[in-house]
Structures are given as structure tokens and as C-alpha cells.
Amino acid sequence: MNTECVAMLLAGGQGSRLGSLTFNNAKPAVLFGGKYRIIDFPLSNCMNSDIDVVGVLTQYRPYILNNYISDGSAWSLDKVGAGVRILPPYMGQKGGRWYNGTADAIYQNIDFIDSFDPEYVLILSGDHIYKMDYSNMVNFHKQKSADLTIAVMDVPWDEAHRFGIVNTNDERRILEFQEKPPEPKSNKASMGIYVFTWDVLRKALIEDAENPDSENDFGHNVIPMLHEEGKRIFAYPFSGYWKDVGTIQSYYDANMDLLNPACDFDLTDRNFRIFSNNTSRHPQFIGPDAVVKHSLICDGCVIFGSVENSIISHDIIVGKNTVLKNSIVHTGAVIEDGAHLENCIVGSRAYVKSDVRLVAAESDNPAEIHVLNS
């Protein structure tokens, strides 16, 4: 079988910086924006980009994620001979082991990629919020006759040290790549989205796997190795909304962006939809004395109290005289009559009693955002 481009979606991360939000599930399975999970964004991007072979590499607490993806039909990724495949670590004739780094995860699935005989392989992260037509990036890769293309975007200089940073010439060829440099020379940051020519990547993965000193990581090992070998590596510029939601603060901020009319991230665009695998629920019910302002309220919710500037997922009960402001509430939570929550994240199936009052300061300190779990 010949497929021009296969996507490999790295979705096995624990997401320890998200604290209790990832105690029971992998980071890509964390709820976002009320009705979505984080993985909906790269999967929907693949669908909108006409990429119909997607391998999802899972490892940490995969059950919820596997069950959610199912056969991929929610994203039209259930085609015969194509579609989405869940790829956990496995035992082979020579044994088996956990994935040890991003590059190792792809290396262990070389046979899967070979079965589609692709010209290109698209590497994606399962923990970013953004919309991108990957076909434009693949076409850029072809036009440049590139061995590797890295999606990049400008980030604030004071944040550049957190990313892989590139320096380019006028043709956008990458002259230098630094992984999380303490003193960055540029603010062009890698988004962790790569298009490789498969023959080049395949050889590099085998070479990297044979190096006992390698961390088996794209940013630390494979990309620097290809750069040292003089491969044609280019930077594909991206200027849209993109958020790495790897911390409580960034996760909270990205959710709140959905309520910000000045934010350019539009989930209502019918020309580039984000899909999710949600079952049908009863309509939301807003009580006669309820007050709801500037909020996203999903199906199955029963609201009797006051909800302002908040994102309310499915099947939530907000009791009478309850105040909920600047908060995110995950599926199945119950907030009793008279509770008062501001600047909080309420976990799935949490039960908030009537005497609870949590008013976190509006600041950039993640410790001041309360996460309540069941």
C-alpha cells in the first residue's frame, strides 16, 4: 500500500505538570473547552488536511484515551485501509519495552509506517491547542526538497528559553537549532510539528537507536544529528493561535481564551471544524432564577445558580445561590447550593459542598488556581 503521508501522533505523555488533572488519564485525554479533549485538535487537523492514516502512540494510562478515539469515526478516520491506529508499546520476537523518548516511540513503530510505504511522515504532539492545515506544510516541504521541515512561530523573547529555537536564512533554511537554550539567539520556536522525508527519518531513527548515549529524543538528538550531517532542514512559519497546555496555568489560560472576543482562536468556523467523540445528552436546563453570563455551557447541565465567564462541561449540576466565576468545570461535577468558586478548575465527578468558598487571586501564579477533584 502506498500512502503519500502518514501522521504519527505522540500521545503517551503523563503530563505531570498538570497535577491531579492527569492522575487518571493521559494528558491528550484531558477535557478542554467544555466538550472537547486535547487530542481532538491534532486529530481534527488531520481530517481537515486530508491525512487519513494516523498512528496514535499511547503509553501512560491509555484506557480513557483509547476508548475515546475508538475507531476514529468521530474524525472520519475510519476508512478501509487507512484510518487511525492505536500504537502502544508491545512485545516482539526480540522482546519489548516502554517507549523511551519521542524518537524511540517512532523507531519502535517503523514496521507500521513501512506498511504504508509513505514518502513523508508527519510527527505531531497530542498536547497542543491549535488549528493547522498540515497539507500546506507538506507542500512547503516538497517545494523546498527538504529532508525535514519544522513548524515554527515567533514567541516572546522572555519565553524563548522554554522551546527549541531555530535560526534561518532568507530561504527559511535552518542554520542553527538549539534545544531550550539559556540565552536564545532567536525567538523562532519549534512547535514540535515535523515533516520528514521517510527515507531520511528511517535511517536517522536506526542510527539514533544504535547510539547508547542518546536520549532518543527528536529535539535533543535526532534533529541536531541531521543538522550536523548537512541535511536540508527548513522552518515552516505559522502565525495562528497555538498553545502548549502542559501546565495548570497555560491550560487555564487557553480555556479562558475561548471566552475572549479579542482572541483569534475560533471554534465556530464551519470551514475548519474541530470534532469530538461525544455521546448524545439531554439539553441543558437553566433554572428560573439562574444567571448565566459570557460562558460556554455544554449539554446535560442543570444550572440554578450564577455562572459568569466560565466553561461548563457535560452533565454538571450548579445549585441554587451558587456563584461560579472565571472557572472551568469538568464532566459530572456537582456543586451544591450556596458554594462560591472563583478562578478554579473543578475536576470530573468532583462534589463541591455548600460550605465551600474558594476565591483564588487573579494572577499569573498557577498555585492560586484551585483544582478540585473527586
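Per UniProt numbering, the sequence shown starts with residue 1, numbered consecutively. Glycine included, C-beta positions come from ideal geometry on N, C-alpha and C.
Does residue i come out as helix, strand or coil in the three-state DSSP assignment?
| i | result |
| --- | --- |
| residue 368 | Note on residue 368: pLDDT 48, under 50, position unreliable in the model; the coordinate value appears next. Helix, per DSSP. |
| residue 178 | strand |
| residue 84 | strand |
| residue 43 | helix |
| residue 112 | helix |
| residue 461 | Here the chain comprises residues numbered 1 to 374, so residue 461 is not present and cannot be evaluated. |
| residue 310 | coil |
| residue 36 | strand |
| residue 331 | coil |
| residue 102 | helix |
| residue 160 | helix |
| residue 338 | coil |
| residue 320 | coil |
| residue 90 | coil |
| residue 51 | coil |
Using the rule of at least 16 other Cβ atoms within 10 Å of the residue's Cβ for burial, across every protein chain shown, is residue i buried or exposed?
| i | result |
| --- | --- |
| residue 206 | exposed |
| residue 367 | Its pLDDT being 42, under 50, residue 367 is placed unreliably by the model, and nothing is read from it. |
| residue 189 | buried |
| residue 242 | buried |
| residue 141 | buried |
| residue 310 | buried |
| residue 263 | exposed |
| residue 154 | exposed |
| residue 268 | exposed |
| residue 365 | Bear in mind that a pLDDT of 48 at residue 365, under 50, signals an unreliable position, so the number given afterwards is only what the model happens to contain. Under this definition residue 365 is an exposed residue. |
| residue 138 | buried |
| residue 37 | buried |
Excluding sequence positions up to five away, which residues of its chain have a Cβ less than 7 Å from the Cβ of residue i?
| i | result |
| --- | --- |
| residue 312 | 34, 295, 296, 297, 298, 301, 329 |
| residue 377 | This structure leaves residue 377 out entirely; the chain is present only between 1 and 374. |
| residue 305 | 290, 318, 319, 320, 321, 322, 323, 324 |
| residue 51 | 5, 7, 122, 134 |
| residue 316 | 301, 329, 333 |
| residue 100 | 216 |
Looking only at its chain, what residues have a beta carbon closer than 6 Å to the beta carbon of residue i, apart from the 5 residues adjacent to it on each side?
| i | result |
| --- | --- |
| residue 74 | 275, 277 |
| residue 341 | 324, 327, 358 |
| residue 192 | 125 |
| residue 147 | 197, 200, 231, 232 |
| residue 76 | 47 |
| residue 214 | 208, 221 |
| residue 344 | 327, 358, 370 |
| residue 187 | 154, 155, 157, 160 |
| residue 114 | none |
| residue 176 | 167 |
Once you ignore the five residues that flank residue i on each side, which residues in its own chain have a CB closer than 8 Å to its CB?
| i | result |
| --- | --- |
| residue 107 | 205, 206, 208, 209, 216 |
| residue 16 | 22 |
| residue 254 | 32, 129, 243, 245 |
| residue 314 | 34, 35, 278, 281, 298, 299, 300, 301, 331, 332 |
So, do the region 67–76 and the region 133–151 have three or more beta carbon pairs nearer to each other than 8 Å? no
Should the region 56–66 be called in touch with the region 8–26, which here means at least 3 C-beta pairs below 8 Å? yes
Where are the alpha helix (DSSP H) runs, 4 residues long or more, that stay fully inside the region 215–288, in chain order? 223–228, 248–257
Inside the region 115–157 only - alpha helix (DSSP H) runs reaching at least 4 residues: 134–143
Count the C-beta pairs between the region 76–84 and the region 47–58 that are closer than 8 Å, then say yes if the count reaches three, no if not. yes
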